[in-house]
Amino acid sequence: MAARRQWNLGAKLALIAAPFLVLTMLAIGVTLWVSWQLEGGAAAINEGGRMRMQTYRMSLSISIDRPQQLQQQATEFTRALEALRVGDPERPMFVPWDDTVLARFAAVQRDWQAYRARWIEQHGNGAGTPALLEDTTRFVADIDRWVRSMEAHMARWTALLHLAQVFTMALALAGTIALVVTGYLFVLEPLGQLEQAIGRIQGGDFSARVRRHSSDEFGTLSDGFNGMAAHVQLMYQTLEARVAEKTAELEEKRERLEALYSVTSLVAKAASLPELAQGFVQRLRRIARADAIALRWSDQANTRFLMLASEGLPGEMVLAEQCLHAGQCHCGAAEAPSGLRVVPIRSSDSPDALHCRRAGFQTVASIPIHLHDSLMGEVALFFHAQHTISASDRSLLEALTAHLAAAMENVRLQALERESAVAHERGFIARELHDSIAQSLAFLKIQVQLMHDALGQGDPLQVQAVLQEIDAGVRESYADVRELLVHFRTRTASEDIEPALQTTLRKFELQSTVSTTLRVEGHGLPLAPDRQVQVLHIVQEALSNIRKHADATQVWLDVQQQPHWRFEIRDNGRGFDAQHAGSHDETHVGLRIMRERAERIGAQLEVLSTPGRGSSVILTLAPMAPQPGPNQAGARPNDAHAGSTLAQA
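1318 is the number of the first residue of the sequence shown in our numbering; add one for each residue after it.
What follows is the structure, given as structure tokens:
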């Protein structure tokens, strides 16, 4: 059986419109051809009327005897007859020939030949005016009969033109009606049914369907709509279950985010290891919905596991498992796999689960805590019933324990940093005491020995001199202690070098009533905190020597930042001989202290002094790689401790 031919909508509309298009084109062609004929015939009729006028003009020329003008008029008349016979290529003019028109045109030609032979070629006999008038009237009458025959022929063509126009109008009306009917049948009706079905679906009737009427595009659209409606109906029927499923997924994700946020908040706020461990087990027990939980931390060799925190466990179990040896129980397995493992507690008498079984637990979930591929401990979750852990819960629990490992490592590192900072601060204080008060106490010890010698010798003058030295030494020691106390209370974490120098000079002015001037040139990279601390202490030591020994009235501090840091402390005091200063001179001791500090930061210290012309201390720092300044983000905690002795108001 031959397959039925499928017509699409375009083919159907083209098949219906094609006959009307062909007929319309034919009607238009006929109308154009008839119009062209009428136009040429009208030109011929107009030319016939002009021939009548030319005939009367020739008759007048014969009567008044104008032979030259008559010959010209006769030539034009002959040319007009020839144009009517063969047509005019310059314009649409042709005679609508039929038998009557041909016969009367032939009569006009014969009469013209006779008229021309009698009156134009034999112009000398033109005295017979009545005969001329008779021949002219007869010739014009022949022309009139010929013109009337053409007009009758043109009337028939005009009727044909009107008929063609009426036919074209009727054809246009019929075509319009046909297109409207076919458009309604093939387009509007299917669209109306589709619109009704859409309205029913919008109203909640998902059983609405569109009946297929044809195999065209609307048939395909009907099939697609019916399929979509069936799919929507199926989805609507299962919508409640899908919504419940998606709601459960969103709730699970919300709980995961809440758990991560809770643990993150704990890590950020916990200040000690017990607080971190106890807070973690409380949160993890709630997240895992466990009946009990225990957090154990391992030693470096993974041979023992110490319980840091627990919740929900019986007291006797906590005491019994305070410290587990590796392999002693299901918990604390040094060879355990890297991921979470669920261990069912059997009803046998195996000692591995003795305490768990006594407490009524049936399932233990062990989560090892790893940090950098090293086993740091484990978290044990206890359940009173048989329990399984889903893949999503498994990944969440493992992520939380990994977060715990990083947090506990951070706590340990922070503790080490605090210990290092304390040790560094103690060493710094020891150096300060050694470099200042210890020197003064050594001097006082020598003076006390000299006092004993003077008392033994009974020399009151020597005793008085030694007492004055001891009094001066005690005063200097007291001043040094006060100065150190002020320095120990200062910090450099939030202060740059320039405001720190201004604070130091202002404090010096209050202690000594000596005027100071600070000048800073250039813009260089900020000093590292440890170097800045030593620079400030060198400046303070130089100012201290000026206050004690220089008797100056003005101090200048010049700072140059480019191409490298350079500090120069100048005064207008009495100066000294730097090369021949005594080994026990306090100025020499201060210079040694400053040189030791300069060596610690790789700097060069130069002292220039002339007796009676003041002194100058120049500190030049070697260029180093850029480091964050004391007031810049990224400074390490140790840097802050290292700079804890900067001068500050």
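Note that the Cβ used here is the ideal one computed from N, Cα and C, for glycine as well.
- For Pro1816, the three-state secondary structure derived from DSSP is helix.
- Assigned with DSSP and collapsed to three states, Gly1694 falls in strand.
- Secondary structure at Asp1875: strand, using DSSP grouped into helix, strand and coil.
- The three-state reading of DSSP puts Gln1639 in coil, since its state is none of H, G, I, E or B.
- Contact check for Gln1819 against Leu1844 fails: the beta carbons are separated by 8 Å or more.
- Comparing alpha carbon positions, the residue from Leu1630, Ser1829 and Ala1724 closest to Phe1700 is Leu1630.
- Residue state for Arg1383 is assigned as coil, using DSSP reduced to three classes.
- Residue Leu1502 holds the alpha-carbon nearest to the alpha-carbon of Ile1333 among Gln1877, Asp1540, Leu1502 and Leu1772.
- Put simply, of Ile1935, Met1693 and Ala1740 the residue whose alpha carbon is nearest the alpha carbon of Leu1623 is Met1693.
- Secondary structure of Phe1523 (DSSP, three-state): coil.
- In chain order, Ser1794 place their CB closer than 8 Å to the CB of Leu1758, counting only its own chain and leaving out the 5 sequence neighbours on each side.
- For Glu1592, the secondary structure class from DSSP, reduced to helix, strand or coil, is helix.
- Gln1703 has its alpha-carbon roughly 52 Å from the corresponding atom of Arg1526.
- Under the three-state reduction of DSSP, Gln1426 is assigned to helix.
- Of the candidates Ala1360, Thr1417, Ser1380 and Phe1394, the residue whose Cα lies closest to the Cα of Gly1404 is Ala1360.
- Per DSSP, reduced to three states, the secondary structure at Asp1776 is coil, with no helix or strand assignment.
- With contact defined as three or more Cβ pairs closer than 8 Å, the stretch 1526 to 1535 and the stretch 1503 to 1513 are in contact.
- Taking a contact as a CB-CB distance under 8 Å, the pair Glu1451 and Ala1397 does not count as one, their CB atoms being some 23 Å apart.
- In summary, Ala1565 is exposed, with fewer than 16 beta-carbon neighbours lying within 10 Å of its beta-carbon over all protein chains present.
- Minimum Cα-Cα distance from Gln1878 among the listed residues Asp1616, Thr1830, Thr1537 and Gly1839 corresponds to Gly1839.
- For a cut-off of 8 Å, the C-beta gap from Val1856 to Phe1884 is around 7 Å, short enough to register as a contact.
- Here the alpha carbons of Leu1593 and Ala1587 stand approximately 5 Å from one another.
- Between the beta-carbon of Gly1841 and that of Trp1882 there is about 6 Å, and that keeps the pair under the 8 Å contact cut.
- Annotation for Phe1535: the continuous alpha helix (DSSP H) segment containing it runs Glu1534 to Gln1554.
- The C-beta separation of Ala1643 from Ala1697 comes to about 14 Å, leaving the pair out of contact by the 8 Å criterion.
- The criterion of a C-beta distance shorter than 8 Å is not satisfied by Asp1459 and Val1412.
- Membership of Ile1918 in any alpha helix (DSSP H) is not indicated, and neither H nor E is assigned to it by DSSP.
- Per the coordinates, the alpha-carbon of Ser1378 lies some 19 Å from the alpha-carbon of Asp1428.
- Contact holds between the stretch 1574 to 1584 and the stretch 1594 to 1604, because three or more Cβ pairs, one in each stretch, are under 8 Å apart.
- Taking a cut-off of 8 Å for Cβ pairs, the stretch 1486 to 1498 and the stretch 1370 to 1385 do not touch, as fewer than three such pairs fall below it.
- Assigned with DSSP and collapsed to three states, Phe1597 falls in helix.
- Going by DSSP, His1530 is part of no alpha helix (DSSP H) at all; its letter is neither H nor E.
- Pairing Arg1887 with Gly1929 gives a Cβ-Cβ distance that is not under 8 Å.
- Spanning the alpha carbons of His1548 and Lys1329 requires a straight line of approximately 31 Å.
- Here the alpha carbon of Arg1674 sits roughly 14 Å from the alpha carbon of Ala1682.
- Classified as buried, Trp1436 has 16 or more neighbouring CB atoms from the shown chains inside 10 Å of its CB.
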